[in-house]
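Below is one structure; the comments refer to it alone.
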Amino acid sequence: AQRVTQPEKLLSVFKGAPVELKCNYSYSGSPELFWYVQYSRQRLQLLLRHISRESIKGFTADLNKGETSFHLKKPFAQEEDSAMYYCALSGLGNYQLIWGAGTKLIIKP
Amino acid sequence: NAGVMQNPRHLVRRRGQEARLRCSPMKGHSHVYWYRQLPEEGLKFMVYLQKENIIDESGMPKERFSAEFPKEGPSILRIQQVVRGDSAAYFCASSPPRTGGTDTQYFGPGTRLTVL
Chain A
1 AQRVTQPEKL LSVFKGAPVE LKCNYSYSGS PELFWYVQYS RQRLQLLLRH
51 ISRESIKGFT ADLNKGETSF HLKKPFAQEE DSAMYYCALS GLGNYQLIWG
101 AGTKLIIKP
Chain B
1 NAGVMQNPRH LVRRRGQEAR LRCSPMKGHS HVYWYRQLPE EGLKFMVYLQ
51 KENIIDESGM PKERFSAEFP KEGPSILRIQ QVVRGDSAAY FCASSPPRTG
101 GTDTQYFGPG TRLTVL
């Protein structure tokens, strides 16, 4: 079955602390993995995708095929990182995105 | 570029009424996707359309739901005879003409449908 699991509904860390948002997936083919973010009162927007291998706003994510994970990390959290984060996958070249339930990240001052 | 537009942002309907949700894609985008998000859940794919064509409606409920993307005007997601279980946030996304790979989808702000 194709599935994306984000085990944490809520993650709360202090400003300056490291952040790791977990994402595990189940997919039979070659997946493409994404992280989307939704800041308060804003629309969903793409944060990063694994094929780009880039760092956006200090966030990185590495696809680990052995562990079927795509965890999102940032070494030093900032208050403006508070948002809902969604992990999603699609088959390579496919358009259907399969979504996790999301993790609400709260950065405490 | 104003981005993907959805209206209305909030829609309240009584059971049995019809709901019409509109989505205007970003300028230059010819692909539209509809997703539904139930409370506490992730988005679920409903339908993928190009102008005047439904490409994939595998995520659409078999009854009461329909979608279109006419040559002129916005894409419409139509729900007939709404029931309480249809209460959800409905998101539209658009992407440019496909160039291979998975195109980035740009999302609208969503329409929150409440069925009384």
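Going down the list, the sequences are from chains A and B. Sequential numbering of the first sequence, starting at 1, is according to our numbering. Sequential numbering of the second sequence, starting at 1, is according to our numbering. A virtual CB, placed ideally from N, CA and C, is assigned to each residue, including glycine.
Say whether chain A places a C-beta atom closer than 8 angstroms to the C-beta of residue i.
i: B/Phe-69; result: no
i: B/Phe-91; result: yes
i: B/Pro-25; result: no
i: B/Glu-40; result: yes
i: B/Gly-108; result: yes
Under the rule that 16 or more other beta-carbon atoms within 10 Å means buried, what is residue i, buried or exposed?
i: A/Ser-40; result: exposed
i: A/Ser-55; result: exposed
i: B/His-31; result: buried
i: B/Ile-55; result: exposed
i: B/Pro-27; result: Before going further, note that residue 27 of chain B is Lys rather than Pro in the sequence given. B/Lys-27 is exposed by the Cβ-count criterion.
i: B/Gly-25; result: Reading off the sequence, residue 25 of chain B comes out as Pro, not Gly. The residue in question, B/Pro-25, is buried, as its Cβ has 16 or more Cβ neighbours within 10 Å.
i: B/Arg-158; result: This structure leaves residue 158 of chain B out entirely; chain B is present only between 1 and 116.
i: A/Leu-10; result: exposed
i: A/Glu-32; result: buried
Any idea what DSSP makes of residue i, helix, strand or coil?
i: B/Asp-56; result: strand
i: A/Leu-91; result: In the sequence on display, residue 91 of chain A carries Gly and not Leu. In this structure, A/Gly-91 counts as strand in the three-state DSSP scheme.
i: A/Glu-20; result: strand
i: A/Glu-32; result: strand
i: B/Arg-13; result: strand
i: B/Glu-72; result: coil
i: B/Arg-84; result: helix
Does the beta carbon of residue i sit closer than 8 angstroms to a beta carbon anywhere in chain B?
i: A/Arg-43; result: yes
i: A/Trp-99; result: yes
i: A/Tyr-95; result: yes
i: A/Leu-46; result: yes
i: A/Lys-29; result: Looking at the sequence provided, one finds Gly at residue 29 of chain A rather than Lys. So no, A/Gly-29 is outside the interface.
i: A/Gly-58; result: no
Pop quiz: residue i and residue j are said to be a contact at Cβ under 8 angstroms. What is the actual Cβ separation, rounded to whole angstroms?
i: A/Phe-59; j: A/Arg-49; result: Not really, about 12 angstroms apart at Cβ, beyond 8 angstroms.
i: A/Gly-100; j: A/Cys-87; result: 4 angstroms
i: B/Leu-194; j: B/Tyr-106; result: Nothing can be reported for residue 194 of chain B, as the shown portion of chain B is limited to 1 through 116.
i: A/Thr-103; j: A/Tyr-85; result: 5 angstroms
i: B/Ala-67; j: B/Ser-75; result: 7 angstroms
i: B/Glu-52; j: B/Pro-70; result: 6 angstroms
Give me the subset of the stretch 69-89 of chain A whose CB atoms are less than 7 angstroms from a CB atom of chain B, sorted by chain position.
Listed in chain order, the positions of the stretch 69-89 of chain A with a beta carbon within less than 7 angstroms of a beta carbon of chain B are Tyr-86.
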